[in-house]
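In what follows, a single structure is set out as structure tokens and then discussed.
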Amino acid sequence: MGLRLKIGATITATAALAVLVMGVQVPQMLADREREEMTARLALLVEAYETSGKTAMGAQLGRTDIPDELRKEMAHGRRAFYVEDTSDGVRWLWAGQPVKGGTTLTLVVASRPLIGEVNRVMLQSGVIGVIVASVIGLALASRFGHRLRTSARSARRIADGDLTARLPESGNDEIAALTQAVNAMAEALASRLQAEREVTANIAHELRTPVAGLIAAAGLLAPGRVEGMVQERARRLRDLTEDVLEVARLDNGGEEADLRWVELGGLARRVVRAAVEEPAGTGPPLVRLEVIADVTVRTDPRRVERILSNLVSNALRHGAEPVLVQVEGALVRVRDRGAGFPDHLLTHGPQRFRTSAEGKGLGLGLTIAAGQAGLLDAHLAFENHLDGGAQATLHLDAAPTPEP
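FYI, in our numbering the residues of the sequence shown are 29 to 432.
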């Protein structure tokens with residue numbers, strides 16, 4: 029049961045309970061009032077009889093047809109009151125008291141129809157009141173529920189990494205206080221994250237010159253194992269520096285796509301060819317291209333190649349051969365035969381500087397791929413294939429015909 033129904037049901041139940049309590053108490057109060065009036069009236073009549081010896085106002089001496097319950101009470105020498113409900117629907121109010129001379133003085137009157145009228149009116153009013161309370165309760169609950177659902181959607185956007193999302197602020201109640209606190213938290217988190225990104229980008233920028241000098245110095249070493257090792261480490265440091273700077277440019281929104289009409293199969297073919305030609309241990313990595321249906325797309329070919337190259341490199345580094353690059357229309361799938369993507373990546377997407385379970389990599393390759401895909405308004409999805417292995421799918425917008 030949702031919060032809206034819970035609040036509405038609570039208000040309805042409260043209104044119904046209030047009507048029930050009033051339906052019991054009000055008739056009882058009226059009955060008590062009639063009793064007090066009858067006993068007070070009888071007391072005056074008894075006093076008048078004992079003073080003057082005469083009865084008045086319908087009081088009768090020694091009446092024999094009185095109810096047994098009333099007779100038993102008066103037998104103890106005290107004033108008594110009794111209500112008699114007859115078969116014809118009339119309620120008779122009896123009051124009696126022993127008087128001098130060993131007799132009794134009794135007074136009997138028909139109950140006023142006020143209690144019945146009150147019961148009928150209260151029943152009608154109670155039903156109407158419960159209906160009105162239910163409608164008002166559901167309306168209020170719907171309003172609160174809508175605010176909570178809207179805030180929950182914005183909170184999920186913040187949790188997914190969209191730190192520009194804010195919860196709508198309205199009113200001065202507890203929900204408004206909660207939304208203000210969440211917005212303040214998101215603002216502080218965004219500021220801190222931006223500061224960390226700026227520091228990382230500045231460090232990477234400052235490293236470009238010394239890294240370039242390191243690569244140049246490595247080229248002066250005598251050929252051999254040491255020279256190759258130094259050059260390899262220097263190139264890796266250079267690539268890492270460039271990756272960090274690329275991530276910073278994507279974060280700052282300073283990149284623009286250079287859109288052209290290109291065949292998607294040709295782009296994938298160049299990426300596969302470059303991956304196969306790269307040395308890797310004892311032989312070239314096994315990367316296979318399968319073009320099911322080629323299409324022409326309007327996109328930035330350099331950025332698409334960057335995305336596919338990073339996906340293939342990630343598959344080779346963290347997955348297992350063979351790696352399949354499959355082009356089917358505007359979809360490009362890159363699949364390996366490894367253990368698949370980790371759960372945190374499937375749940376939250378690529379995250380920079382988060383290493384794999386084996387401690388390899390810094391998460392920049394897939395982060396760059398996702399950022400470049402966002403720049404192209406493309407969709408990049410990560411999943412684990414049913415038959416095993418990790419699979420990344422890039423979905424571009426296909427064009428029916430290229431522009432002239």
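Just so you know, even glycine gets a beta-carbon here, dropped at the ideal spot from N, CA and C.
I'd like to know whether the C-beta of residue i is nearer than 9 Å to at least one C-beta of chain B.
i, result
"residue 93", "Annotation note: the requested chain B is absent from the structure, which comprises a single protein chain."
Under DSSP, the beta strand (DSSP E) around residue i begins and ends at which residues?
i, result
"residue 112", "108-113"
"residue 126", "119-127"
"residue 360", "359-363"
"residue 407", "407-412"
"residue 316", "315-321"
"residue 420", "418-423"
"residue 352", "351-356"
"residue 288", "288-291"
Can you tell me whether residue i is buried or exposed, with buried defined as 16 or more other CB within 10 angstroms of its CB?
i, result
"residue 216", "exposed"
"residue 94", "buried"
"residue 328", "buried"
"residue 222", "exposed"
"residue 275", "buried"
"residue 47", "buried"
"residue 175", "buried"
"residue 125", "buried"
"residue 241", "exposed"
"residue 208", "exposed"
"residue 102", "buried"
"residue 156", "exposed"
"residue 49", "exposed"
"residue 43", "buried"
Give me, in chain order, the residues of the same chain whose beta-carbon lies closer than 8 Å to that of residue i; leave out the 5 immediate sequence neighbours on both sides.
i, result
"residue 247", "259"
"residue 178", "195, 196"
"residue 67", "107, 109, 123"
"residue 300", "315, 316, 317, 340, 353"
"residue 137", "66, 86, 120, 121"
Taking residue i as part of the alpha helix (DSSP H), name the residues at either end of that continuous run.
i, result
"residue 330", "329-346"
"residue 433", "Because residue 433 is not part of the residues shown, which for the chain are 29 to 432, the question remains open."
"residue 403", "392-403"
"residue 98", "96-103"
By Cβ distance, which residues of its chain are closer than 7 Å to residue i, with the 5 residues on each side in sequence left out?
i, result
"residue 378", "391, 394, 395, 398"
"residue 45", "none"
"residue 185", "193"
Between residue i and residue j, which are expected to be in contact by the criterion C-beta below 8 Å, what is the C-beta distance as a whole number of angstroms?
i, j, result
"residue 435", "residue 412", "One cannot answer for residue 435 here, as it falls past the ends of the chain, which runs 29 to 432."
"residue 296", "residue 360", "6 Å"
"residue 22", "residue 315", "Not covered by the structure: residue 22. The range shown for the chain is 29 to 432."
"residue 363", "residue 374", "With 8 Å as the limit, residue 363 and residue 374 do not qualify as a contact, their Cβ atoms being about 15 Å apart."
"residue 87", "residue 135", "5 Å"
"residue 77", "residue 111", "No, residue 77 and residue 111 are not in contact; Cβ-Cβ is about 24 Å, not under 8 Å."
"residue 401", "residue 335", "6 Å"
"residue 151", "residue 83", "Not quite, the Cβ-Cβ distance comes to about 41 Å (not below 8 Å), so this is no contact."
"residue 404", "residue 420", "Not confirmed; about 15 Å, so no contact."
"residue 161", "residue 40", "6 Å"
Between which residues of its own chain and residue i is the CB-CB distance below 6 Å, once the five residues before and five after are set aside?
i, result
"residue 253", "none"
"residue 218", "191"
"residue 312", "Confidence at residue 312 is low in this model, with a pLDDT of 49, below 50, so the placement of that residue should be treated as unreliable; the coordinate-derived value is given next. So the qualifying residues of the chain are 304."
"residue 118", "138"
"residue 113", "119"
Query - Complete alpha helix (DSSP H) runs within the stretch 131-191 (minimum length 4 residues, chain order) - result: Under the rule that a run must span 4 or more residues, the alpha helix (DSSP H) segments found entirely inside the stretch 131-191 read 142-187.
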